[in-house]
Every structure is written in C-alpha cells, then in structure tokens.
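Line by line, the protein sequences are chains A and B. Heads up, the first sequence is in our numbering, so the first residue is 355 and it goes up one at a time. Heads up, the second sequence is in our numbering, so the first residue is 355 and it goes up one at a time. Okay, structure first, notes after.
Protein chains: 2
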Amino acid sequence: MPRNNAHAADARHELAREPALVGLAALGLNDAAGAASLADAVARAYPVRARRELTSEGRPIAEPRMLLRGWAARVRLLPDGRRQFMSFLLPGDLIGMSAQPQPLAAATVIAVTDVVACRPPSIEETPALAGAYALSAALDEAYLLAQITRLGRLNAQERIADLLLELHERLTRNEMAQGNAFDLPLTQEVLADALGLTSVHVNRMVQQARRDGDLQWKGGRVTLADPAALARKIGRTPPRVSGMQGVAVAIVAPSA
Amino acid sequence: MPRNNAHAADARHELAREPALVGLAALGLNDAAGAASLADAVARAYPVRARRELTSEGRPIAEPRMLLRGWAARVRLLPDGRRQFMSFLLPGDLIGMSAQPQPLAAATVIAVTDVVACRPPSIEETPALAGAYALSAALDEAYLLAQITRLGRLNAQERIADLLLELHERLTRNEMAQGNAFDLPLTQEVLADALGLTSVHVNRMVQQARRDGDLQWKGGRVTLADPAALARKIGRTPPRVSGMQGVAVAIVAPSA
DNA sequence: CGCGGGCTTGACAAAGCTCAAGACTTGTGG
DNA sequence: CCACAAGTCTTGAGCTTTGTCAAGCCCGCG
C-alpha cells in the first residue's frame, strides 16, 4: 500500500511500481512534473472496503478520485431490484472527474473488492496531466460504447468473451495480467449483471467456453487460451482513441 | 435555414428561434457574449444529406460540430453486418468535442435525416460557453448510461417506451415537441438497431403499446398518451446531471 | 399505374429465463 | 483439525421472450 511519503526524487520509482501509474504512463504520460505530483497524490491514498459506495447516483460528487488498487464498478439499480453494471473501474481509472462546477453522479460507484483510492492532482495544479486525463476520459467513453454494442448486438457467448478480452487488455496495460492470465474478482452473478444476462445462463455459457477450450476460470483466476484468436473468433477490435504517435493505447497481447 | 449574417445585436433573437440554441439555453446558457458567438457560428452553418457520414469510426475527427437541424446518430457496424446505434443526436448536440489533441472517432456519426450543422465556437474563443459545453457532455454521458441500462435490463416493451420518453424529453427541451407529440423520423428498423431488437419484434411491441393506449405512431409522428404515467409504469427517472440551481435539465412534461 | 420501401402478420425455432435442488468452497468458531 | 454456515457454482426441466423466414399489404413517389 502506498503510505510512504513520496518525494519528487522517488517519482519515477513509484511510477514503475504502482499499477495505476503504469496505466497512466501507457496513456502517454511521460512528464516528470506530472509524475511527481501523482506520486504525491498516491502518498495520500486511503482504503475503501468492498461493497462500500464511492459515490451514489443522483447525489453531488464529493471529490474526484483515482483508483489505485482493487476493482470498483459503476452500477445502476432499478426500482424493482434489477441491477446493471455500466463499467468496471480498474487501478488508474478516474472517477467523477467533471468539468462541471456541481456535478451529480450519473451512476453509483461501488467498490467490488477492497480498494485503495486517492484524490488525483487537479488539472489546474498539474497541467502536465491534462493530456493523460483527456485520453483517459476518451478511453472511458469508448468502453461505454463497447458495452452498448455488447449488450445490444452480441449473444451470450460473445458478450462473455468480449468482456473478458476487454478486461485482459486493460489489465495488461496496467501490468496486472500475467501473460494470458489475470485475477478476476467477480462472481458470475456480478458478471451477469454487467452482461445483461442471468447468472444461470452465464454459468452455462462459461462452461461451454471451457469445453471449447477458449478459457480456464477457477478460484478467481482466468486464463484465456489465445486472446488474439478469441478476439478474431468474435470479431472484436479493441478501441482506438488517439491518433498521437507513441501513445500505446489498447495493446493486444501477442497470442500465446 | 440560418444564413443571415448575425450580429451581436441579433443574438438574443437568434437564440429564441433556433432549436439548437433553445436547447443550449435550457442547459443554463444565459450569457450575451456566448449567445453572440453562437449566433455567429450558426450563420456559418452547412447542410449534410441523409445517410452521409459526419465522422467515421477509427478515423481522425476533422472538426467539432454542432447539430442545428435534423437527426443524426452514433452507430457501430460489426464485421458481420450487425448494427448498433449508440445514441441519437438532436439539434443542439455537440459532436466530436474532445479535449484531446488528435482524437479518433469512437463511433461513426451518420445523418439520419437531412441535417444542418455548424462548427461550434471553441472554448478558447468563447469561455462563456465552457459551462454549457461541460453540462452538455455530462448529459451525453448520462444518456449513454441510460442506453446501457435499457439494453441490459429492460424488456422489449420497456425499451421502446423508455427511448420514446427520452426523445420526448430531449425534444421538449429544444421546444421541438408539441405537447405530448413529436416527429420521429426513424424507421422501425433503425429503432430496432438502437434497442437491440429485430424490426419484427419492435413492430409487434409497438402495436401492443398502441393497443394498450400508451401511444399513437403514424406517418413519422408519435403521440404519447401520458408521458408521466408511462414513465411511472416502466419505472423511468430522467437523468439529473447538475446540482446548480436554475439549470433546467431533464424537464418532465406535465401529464396530459 | 407500378415500384419500392417500410409495415404487418403467421408459423416455427432458438436463446435465454425461472424455479428448484444439490454440490462445492471458503471462512469461522469450537 | 473439524464442523458448520453462507455464499457460489452447477444442473435439470419447463417456459417465455425474442428471433427467423417468408409472404402479403400499404402508401408515397415518379
């Protein structure tokens, strides 16, 4: 956990270790000043327990946050109890960064696992981060569009594969994946509520994917047999969001 | 069509007539300077034919746009021909406004009807607009989240009602609705591709909604029998996006 | 008047849901 | 170290919603 008092001199060092900062670096952050103030923000991190809400739908957003460890999710609850996850938030993701003066949360943000978050440097304080923030916002939106396509036009098997590929891609960017494997701290029930399915059907389709040799999933750990082949099989193309050269967004892991 | 050369003196006048500007005004724009430069932008409007692409997915965004007349949509095509509409764009909506230096379009934007668009004043030129732009972006995102919930957790009937209510709400904000009625320039096929359904099923469900007395739909014109009651029936709550007092976002029309 | 796009309808098939029960894990307290 | 409880995962049977295919109709436009 980042609790040590970080100085500018440590900044690069921190950058290299903290998954959140690895992720931001992959978005094109390579500025020492930005790194220093990020390291500073990281030093002021605080924990949040699983199942706690970070923001609640319709209420004012207290302050922006950056997720450092653990998984969170944006979720909406319908009056009759149905639940829809809009997106998952991984280390490095920004929460509630809005240009508006008094933004209201458009969805509840809940900690899926125990989580560590911090208050990110504001753009005013650290203009060097503006680019990374803009890119992060654009990527966020691209993933929302991907979620819409998933729910609207993919069948159950495709939805599962597509989401797992997306998560693998994002975790790889943060160096939180180990080759084709990664930790997936979600129940099938949560996955179902993200994919617009029932947990029973998710279960059946996951088993079929296992039988087809597309993946292994046991004890919270997923291994994709061949991400590139799976992506081809379901016609997935990862989101591209910036035309700037040298910005490594949406890296596809080489097939095994 | 806005072709007359607008001066600052005309600004308020223009504001009162152009649906796009009415919509922006409802987002809290009440600054004379902003209005003048908007009127200026409007004076440089240009038409785009139905079915033409305004931006194409994955390509660089040429320039930001503001829609003034007609309908457009953000759409994604899958390799096998499946199609998903992410959102509909109405007069006053901004297209491709990104803080990024070289943004790529995350989805194709296509003109659904003949359309008139213009280049909106940049924030740098006209800081008075920053607030309205931020609010507009927030509202955009809220509608994306609504679309996700619709596709993930509503059944066919609820999806149709929910989308029609959303459109009615947005058109009302632009004063483009006449009470509970509004023009809907969409085929059932397009609606189906927005709702993640087939056109056959949309057709059946629309007919059922007619039988239930929830709506009329004939010749491109929809009348909702009682929007408030329909919203209650499907448990819909319109998005709220700002805590600023006096910002009239997401007005619900009074029930008939 | 005929053409074409969009709407409507029917019969049937498939995907996904519901309900219900049992098996397996994991963490906890004794 | 064991036994239990709670939460997850798995499986089956039957059902509902939505999709597919195919044909006919309607209406506006050239």
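Where a beta carbon is used, it is the ideal one built from N, C-alpha and C, also for glycine.
- Note on Gln456(B): under 16 other CB atoms within 10 angstroms of its CB, so exposed under the neighbour-count rule.
- Collapsing the DSSP output to three states places Gln532(B) in a strand.
- Bridge pairing for Val463(A): Thr409(A) and Arg428(A) [DSSP].
- A residue is called buried when at least 16 other Cβ atoms come within 10 angstroms of its Cβ; Arg413(A) does not meet this threshold and is exposed.
- The Cβ atoms of Glu407(B) and Leu431(B) lie no closer than 9 Å to each other.
- In this structure, the beta-carbon distance from Pro539(A) to Trp425(A) falls below 9 Å.
- In the same chain as Ala374(B), and ignoring 5 residues on each side of it, the C-beta atoms closer than 6 Å to its own belong to Leu422, Pro445 and Gly446, in chain order.
- With a threshold of 16 other beta carbon atoms within 10 Å, Ala390(B) meets it and is buried.
- Cα atoms of Gly550(B) and Glu479(A): separation of roughly 44 Å, rounded to the nearest angstrom.
- Counting only residues of its own chain and dropping the five nearest sequence neighbours on each side, Asp468(B) has a CB closer than 7 Å to the CB of Pro401, Arg403, Ala404 and Gly424.
- CA-to-CA, the gap between Val554(B) and Arg507(A) works out to about 16 Å.
- Setting aside the 5 residues that flank it on each side, Ala491(B) is surrounded in the same chain by Leu448 and Met451, each with a C-beta closer than 8 Å to its C-beta; the list follows chain order.
- In terms of Cα proximity to Ile588(B), the closest of Thr503(B), Gln570(B) and Val595(B) is Thr503(B).
- Contact between Arg473(B) and Arg398(B) holds, with the beta-carbon distance rounding to 7 Å and staying under 8 Å.
- Contact of Arg436(B) with chain A by beta-carbon distance below 8 Å involves Arg507.
- By the C-beta density criterion, Gly574(B) is exposed, having fewer than 16 other C-beta atoms within 10 angstroms.
- Comparing C-alpha distances from Thr552(B) to each of Arg436(B), Leu519(B) and Pro581(B) shows the shortest one belongs to Arg436(B).
- Shown here for Ala510(A): same chain residues with a beta carbon closer than 8 Å to its own, the five before and five after excluded, namely Leu549, Leu551, His555, Val556 and Met559 in chain order.
- Within the stretch 431 to 456 of chain A, the residues whose Cβ lies closer than 9 Å to some Cβ of chain B are Leu432, Pro433, Asp434, Arg436, Arg437, Gln438, Phe439, Met440, Ser441, Ser452, Ala453, Gln454, Pro455 and Gln456, listed in chain order.
- Put simply, the CB of Met559(B) is far from chain A, with every gap to its CB atoms at 9 Å or more.
- The secondary-structure analysis by DSSP pairs Pro414(A) across a beta bridge with Leu458(A).
- In terms of beta-carbon proximity, Thr541(A) stays away from the interface with chain B, with every pair separated by 9 Å or more.
- Boundaries of the alpha helix (DSSP H) harbouring Ala496(A): Ala484 to Arg507, taken from the DSSP string.
- Chain-ordered listing is empty here: chain A has no CB closer than 7 Å to the CB of Ile464(B), the nearest sitting near 15 Å.
- Sequence-distant partners of Gln501(A) (beyond 5 residues in either direction) whose C-beta falls short of 7 Å from its own C-beta, in its chain, are Met440 and Ser441.
- Within chain B, the residues Gln454 have their CB atoms less than 8 Å from the CB of Leu489(A), given in chain order.
- In the displayed model, Thr577(A) falls within a strand according to three-state DSSP.
- Listed by position along chain A, the residues whose Cβ is nearer than 9 Å to that of Gly382(B) form an empty set, because the closest Cβ is around 10 Å away.
- Approximately 7 Å separates the beta-carbon atoms of Ala395(B) and Met420(B); this is inside 8 Å, confirming the contact.
- Between Ala488(B) and Ala453(A), the CB-CB gap stays under 9 Å.
- Within the stretch 499 to 526 of chain A, those residues whose Cβ lies closer than 7 Å to any Cβ of chain B are, in chain order, Leu499, Gln501, Ile502, Thr503, Leu505, Gly506 and Arg507.
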